[in-house]
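**Q**
Number of protein chains: 2
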Amino acid sequence: MRRGEITDNALNMSSCETCVVRNTAICSGLDAAELGLLNNIGRQRRLEAGESLVWEGEDSVLVANVIDGMLKLSAGTEDGREQIVGVVYPSEFIGRPFGRSTDYSVTALTEAEVCVFARADFDRFAAEHPALEHKLLERTLTELDRTRKWMLLLSRKNAQEKVATFLLEMSERLAPADCEAAAGVQWLKVFDLPFSRQQIGDVLGLTIETVSRQMMALSRAGVIALPSRRAVEIVDRAALEDMAS
Amino acid sequence: MRRGEITDNALNMSSCETCVVRNTAICSGLDAAELGLLNNIGRQRRLEAGESLVWEGEDSVLVANVIDGMLKLSAGTEDGREQIVGVVYPSEFIGRPFGRSTDYSVTALTEAEVCVFARADFDRFAAEHPALEHKLLERTLTELDRTRKWMLLLSRKNAQEKVATFLLEMSERLAPADCEAAAGVQWLKVFDLPFSRQQIGDVLGLTIETVSRQMMALSRAGVIALPSRRAVEIVDRAALEDMAS
DNA sequence: CGCTCTGTTGAGAAGACTCAATGCCTGTGG
DNA sequence: CCACAGGCATTGAGTCTTCTCAACAGAGCG
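Residue numbers (our numbering), protein chains in the order written: chain B, 1 to 245; chain P, 1001 to 1245.
1. Under 8 Å by Cβ, that's how I've got P/R1119 and P/L1062 pegged, so tell me the actual separation to the nearest angstrom.
2. Identify the residues that DSSP records as bridge partners of B/N65: which are they?
3. Using the beta-carbon count (16 or more within 10 Å), is P/W1150 buried or exposed?
4. Can you list, in chain order, the residues of its chain with a C-beta nearer than 7 Å to that of P/R1229? Leave out the 5 residues immediately preceding and following it.
5. Put B/L226 into one of helix, strand or coil per three-state DSSP.
6. P/S1155 lies in the beta strand (DSSP E); which residues open and close that run?
7. With 16 other CB atoms within 10 Å as the buried threshold, where does B/E78 fall?
8. Can you list the alpha helix (DSSP H) stretches of 4 or more residues lying completely in the stretch 170-217 of chain B, in chain order?
9. Assign B/A75 to one of three DSSP states: helix, strand, or coil.
10. Could one say the Cβ of P/V1085 lies closer than 8 Å to chain B's Cβ atoms, at least one of them?
11. How big is the Cα-Cα spacing for B/L240 and B/E34?
12. Is the beta carbon of B/I94 closer than 8 Å to that of B/A64?
13. Give the residues of chain P in contact with B/K149, contact being defined as C-beta atoms less than 9 Å apart.
14. Contact check, P/S1155 vs P/I1234 under 8 Å by CB: the rounded distance?
15. Tell me which residue opens and which closes the alpha helix (DSSP H) that B/I26 is part of.
16. Select from B/C27, B/Q198, B/D68 and B/K157 the residue whose C-alpha is nearest the C-alpha of B/F122.
17. With a cut-off of 8 Å, does the C-beta of P/E1018 fall near any C-beta of chain B?
18. P/S1091 and P/T1024 - do their beta-carbons sit closer together than 8 Å?
19. Under three-state DSSP, which class holds B/D242?
20. Give the range of the beta strand (DSSP E) segment to which B/R45 is assigned.
21. Which residues in chain P sit within 8 Å of B/S196, going by Cβ to Cβ distance?
22. Pick from P/D1236, P/S1105 and P/T1165: whose alpha carbon is nearest that of P/V1088?
23. Run down chain B in chain order and give the residues with a C-beta less than 9 Å from the C-beta of P/R1173.
24. Return the CA-CA distance between P/N1039 and P/A1131, expressed in angstroms with no decimal places.
25. With the cut-off set at 8 Å, would you say P/G1050 and P/A1112 are in Cβ contact?
26. Out of curiosity, what's the CA-to-CA distance linking B/C115 and B/V21?
27. Run through DSSP, which three-state label would B/N9 get?
28. Distance check for P/P1097 and P/G1201, CA to CA, integer angstroms please.
29. The beta strand (DSSP E) that contains P/G1086, what's its start and end?
30. Counting contacts by CB-CB distance shorter than 8 Å, is P/E1130 in contact with chain B?
31. With the cut-off set at 8 Å, would you say P/V1190 and P/A1231 are in Cβ contact?
32. Leaving aside the five residues before and after B/G86 along the sequence, list all residues of the same chain whose C-beta is less than 8 Å from its C-beta, in chain order.
33. In angstroms, rounded to a whole number, what distance separates the CA positions of B/G99 and B/S60?
34. Excluding the 5 residues flanking B/A175 on each side, which residues of the same chain have their C-beta closer than 7 Å to its C-beta?
35. Quick check on this structure: which residue in P/F1125, P/T1140 and P/G1076 has the alpha carbon closest to the alpha carbon of P/L1030?
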């Protein structure tokens, strides 16, 4: 364990410079010297799919940046109903700086690579680096907008609209970032869902059976194709957009 | 009009110093000199109940601080379904700095007093005053947590739990801030709802009829009393908490 | 006193949920 | 390479909650 951590740090020493999200994460406003300091307080960590980083209700002692992979933020009622309240993608930020409590769990959906900080260390660093706080503020504002938009889906859309909207969002957010270079490709025609049917249900506020029925209905209608369990092909995007309302 | 604005500014000149939310709003980190500068770019504005400050889809040119009253943030689908995605209370912040688009409308629920800034002016000021950005970041993080918690309610709670949760939240958030002084009173036993039944439905993702039926059921069960159209008395708080799940 | 707006009540329909059974990949071990 | 177990997904039948549509009641106002 000790051994492993030292190795992680050693790897980490060189990794801020070479980090794949170096120019898109909140670190992008920092110069080389600042980056060195940040490097000292953070460390990289690998998560298996299904592994949790933070648990609901636990004291929030960690914050993190996602380097690779996807994670879910989930909240639940006492009686076991769960809702995924957010999905975190590479270069995005996880955690609640400047605060104690966490109201949700953070769990890896795929194998993931994150850059972890002790909250106290991060808070101190952020307080001294306004550029970083500014980036974080912009991100948080964007995330708030996105979350509010999702509220409309949860409360006012029916099962068909929810599933259609979800598939469209996935086809856009799973598109690799460098597609901007290969301009024109803003979304994927074929992709693998990083979610099980159960998890899709947890995102959309539906049961697993309803998700399954809606996906099958879309498939039967020729709007999408389902070549394998996790794979989706968007056959008629215009129709899917209509159904998303 | 010119006349009016000058008068507003004149009033405003004295009002930052005497502002009732001076110590709780994002301005609280600023010293007298900074406050003077902020004073120059902002102006106070009074809104009637029902009056809108920003419209959905419109370019976001304004940001504001709420001095008094309550406002709603609402989003809608093309076919007219509406969802209230947030409620803003005194000392809270409205708007999307550092960004173009607005995805929701801002409308006064009660008569309200707000301190308005042109977004460009505010952005510039914020960039030069990290303390203000820090306050704004904390607020935005808190709002994001609150919004995520509301998602759980929208997607996983039934009508009874939704209405019970709503009434409890109202009894807490409508409690005047100075109750901290009169320690122990964290919530109100009797209060006037700032929402119509329709608006409660829009907050909870329910129809007006369902809201009405649930309120009547709670009343019949002796958990609450409804002395008038807008008034609510919490008779058995423990029972109401149980029902909120 | 009547008008309008908001809220309440009722009956029926629709959508999603629950429970239960079946089918189909995937990975493991013979 | 095949057989089998376990997990995930699909399908079906029936129920329940909420919505929809429609009528009515009551407060507030001119």
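Quick reminder that beta carbons are idealized off the backbone N, C-alpha and C, glycines included.
Note that the coordinates shown come from a computational prediction; the quantities given were computed from them, not determined experimentally.
**A** According to the structure data:
1. Translated into the one-based positions of the second sequence, residue 1119 of chain P becomes position 119. Translated into the one-based positions of the second sequence, residue 1062 of chain P becomes position 62. Confirmed, Cβ separation roughly 6 Å.
2. Within the first sequence, residue 65 of chain B is the residue found at index 65, counting from 1. In DSSP, B/N65 forms a bridge with B/F93 and B/C115.
3. One-based indexing of the second sequence puts residue 1150 of chain P at position 150. The residue is buried, with at least 16 neighbouring Cβ atoms inside 10 Å.
4. For the purposes of this step, residue 1229 of chain P is taken as the residue at position 229 of the second sequence. Cβ neighbours of P/R1229 beyond the five flanking positions: none.
5. One-based indexing of the first sequence puts residue 226 of chain B at position 226. Here B/L226 sits in coil by DSSP.
6. Taking the first residue of the second sequence as position 1, residue 1155 of chain P is located at position 155. Segment P1130 to R1156 is the alpha helix (DSSP H) holding P/S1155; no beta strand (DSSP E) there.
7. Taking the first sequence and counting its residues from 1, the one referred to as residue 78 of chain B is at position 78. Flag for B/E78 reads exposed.
8. Along the stretch 170-217 of chain B, the alpha helix (DSSP H) occurs as fully enclosed runs of 4 or more residues at 197-204, listed in sequence order.
9. Here residue 75 of chain B refers to the residue found at position 75 of the first sequence. Strand, per DSSP.
10. As a first step, residue 1085 of chain P must be located in the second sequence, where it is residue number 85. For P/V1085, the answer is yes, since a Cβ of chain B falls inside 8 Å of its Cβ.
11. Residue mapping note: residue 240 of chain B aligns to position 240 of the first sequence, counting from 1. Residue mapping note: residue 34 of chain B aligns to position 34 of the first sequence, counting from 1. Whole-angstrom Cα-Cα distance: 46 Å.
12. Position 64 of the first sequence, counted from the first residue, corresponds to residue 64 of chain B. Position 94 of the first sequence, counted from the first residue, corresponds to residue 94 of chain B. In this structure, B/I94 lies closer than 8 Å to B/A64 by Cβ.
13. Position 149 of the first sequence, counting from 1, holds the residue named residue 149 of chain B. What B/K149 touches in chain P: A1075, V1085, D1103 and Y1104.
14. Residue mapping note: residue 1155 of chain P aligns to position 155 of the second sequence, counting from 1. Residue mapping note: residue 1234 of chain P aligns to position 234 of the second sequence, counting from 1. 26 Å between Cβ atoms; not a contact.
15. Along the first sequence, one-based indexing puts residue 26 of chain B at 26. Element bounds for B/I26: n/a, residue is neither H nor E.
16. Counting from 1 along the first sequence, the entry for residue 122 of chain B is found at position 122. Nearest in C-alpha terms to B/F122, of all of B/C27, B/Q198, B/D68 and B/K157, is B/C27.
17. Taking the second sequence and counting its residues from 1, one reaches residue 1018 of chain P at position 18. Going by the sequence as given, residue 1018 of chain P is Thr instead of Glu. It does not: the Cβ of P/T1018 has no partner Cβ on chain B nearer than 8 Å.
18. Along the second sequence, one-based indexing puts residue 1024 of chain P at 24. Along the second sequence, one-based indexing puts residue 1091 of chain P at 91. Taking 8 Å as the cut-off, the beta carbon of P/T1024 is found closer than this to the beta carbon of P/S1091.
19. For the purposes of this step, residue 242 of chain B is taken as the residue at position 242 of the first sequence. Reduced to three states, the DSSP call for B/D242 is helix.
20. The residue labelled residue 45 of chain B in the question sits at position 45 within the first sequence. Its beta strand (DSSP E) spans residues G42 to L47.
21. On the first sequence, residue 196 of chain B is found 196 positions in, with the first residue counted as 1. Correct list: empty, because the minimum Cβ distance to chain P is about 18 Å.
22. Walking along the second sequence from the start, residue 1088 of chain P turns up at place 88. The shortest Cα separation from P/V1088 among P/D1236, P/S1105 and P/T1165 belongs to P/S1105.
23. Taking the first residue of the second sequence as 1, we reach residue 1173 of chain P at position 173. Ordered by position in chain B, no residue passes the 9 Å Cβ test against P/R1173, which lies about 17 Å from the chain.
24. Position 39 of the second sequence holds residue 1039 of chain P. Position 131 of the second sequence holds residue 1131 of chain P. About 16 Å.
25. Numbered from 1 along the second sequence, position 50 holds the residue referred to as residue 1050 of chain P. Numbered from 1 along the second sequence, position 112 holds the residue referred to as residue 1112 of chain P. Contact: no.
26. For the purposes of this step, residue 115 of chain B is taken as residue 115 along the first sequence, with counting starting at 1. For the purposes of this step, residue 21 of chain B is taken as residue 21 along the first sequence, with counting starting at 1. Between B/C115 and B/V21, the C-alpha separation is close to 11 Å.
27. Counted from its first residue, the first sequence places residue 9 of chain B at position 9. Bear in mind that a pLDDT of 45 at B/N9, under 50, signals an unreliable position, so the model cannot answer this.
28. If you number the second sequence from 1, residue 1201 of chain P lands on position 201. If you number the second sequence from 1, residue 1097 of chain P lands on position 97. Cα to Cα, P/G1201 sits roughly 30 Å from P/P1097.
29. Residue numbering aside, residue 1086 of chain P sits at position 86 when the second sequence is read from its first letter. Judged by DSSP secondary structure, P/G1086 falls within the beta strand (DSSP E) whose first and last residues are E1082 to V1088.
30. For this step, residue 1130 of chain P is matched to residue 130 along the second sequence. Inspection of the sequence shows that residue 1130 of chain P is occupied by Pro rather than by Glu. At least one chain B Cβ lies under 8 Å of P/P1130.
31. As a working mapping, residue 1190 of chain P is identified with position 190 in the second sequence. As a working mapping, residue 1231 of chain P is identified with position 231 in the second sequence. It is a contact, given that the beta carbons lie within the stated cut-off.
32. Residue numbering aside, residue 86 of chain B sits at position 86 when the first sequence is read from its first letter. Result list for B/G86: K72, L73, Y104, E143 and T147, in chain order.
33. As a first step, residue 99 of chain B must be located in the first sequence, where it is residue number 99. As a first step, residue 60 of chain B must be located in the first sequence, where it is residue number 60. If you take the alpha carbons of B/G99 and B/S60, they lie about 8 Å apart.
34. Stepping through the first sequence from its first residue, residue 175 of chain B is reached at position 175. V185, Q186, W187 and L188, listed in sequence order.
35. In the second sequence, residue 1030 of chain P corresponds to position 30, counting from 1. Residue P/F1125 is the option with its Cα nearest to P/L1030.
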